[in-house]
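Since the structure comes first, as structure tokens, the remarks are kept for the end.
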């Protein structure tokens, strides 16, 4: 690290952002959180908040919003921020962005965002993780686990679920070491599991019966909308699961080993440790 300016952390309350912040805190590295509730308010959809947010920083961690509209806003933001002096950016993208067969709006928007980062003039590192294991303990899949049914449209496809702590460690390394500039890293866990296999692991570690219910894609969208999600965001999640459904995520990626020099954590090991915290015991 060659800068004494604070790092800008956009998405610092999210699953990866929180873990990046923990890493910076542990090292005594200064940072500035940016959100709609931060001291200097930041809003992806209010461009008047952008310039004050980037003033005085030269390195940023960027976790973009969900959906094509949000990703497009993130692309505009990074172009403006680089023009105003942002020197480096570490982008949270998604595994499979830019790969053949990802012919969905959310993936195309991801490609466009990555291209905006590369063309911005700032130094960049792009990190593409697989689906987070913590979706089952911290996000919308948590409620499905408590309810005993993981109701998604993933068919019988597999995914190499990754511990978000591994993602946070990679992100922090990329922020703190400029040798990662110009690199794109794909991250995953050490093996793929179907949702049926995930449900079996969760049943074992939680002591409650958890099963996988395979929904038709449009039924899945309708359920998400009924829970209060926007149609655009619901369709984006449907398309992310469609990649699993179509067996296009059944591979492992070695980004954790490349960056950290160690293997990623296995889903079952993660689940056993999380179960000990009592998070699924409510």
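Residue numbers (full-length UniProt numbering): 1 to 282. Quick reminder that beta carbons are idealized off the backbone N, C-alpha and C, glycines included.
Pairing residue 230 with residue 26, the inter-Cα distance amounts to about 37 Å. In this structure, residue 160 places its C-beta atom within 8 Å of the C-beta atom of residue 188. Distance from the CA of residue 273 to the CA of residue 87, rounded to the nearest whole angstrom, comes to 39 Å. Rounded to the nearest whole angstrom, the C-alpha separation of residue 95 and residue 277 is 29 Å. Restricting attention to 248, 196, 131, 67, the CA atom closest to the CA of residue 166 is found in 131.
Between the beta-carbon of residue 57 and that of residue 136 there is about 34 Å, and that puts the pair past the 8 Å contact cut. For residue 149, the three-state secondary structure derived from DSSP is strand. Counting every other CB atom within 10 Å of its CB across the protein chains shown gives residue 164 a total of 16 or more, marking it as buried.
In the three-state DSSP reduction, residue 52 falls in the helix class (H, G or I).
Across the structure, residue 148 and residue 39 are spaced so that their CA atoms are roughly 40 Å apart.
Where residue 90 is concerned, there is no enclosing alpha helix (DSSP H), although the beta strand (DSSP E) around it starts and stops at 88 to 92. Contact annotation: the stretch 258 to 265 does not touch the stretch 198 to 213, with fewer than three C-beta pairs closer than 8 Å.
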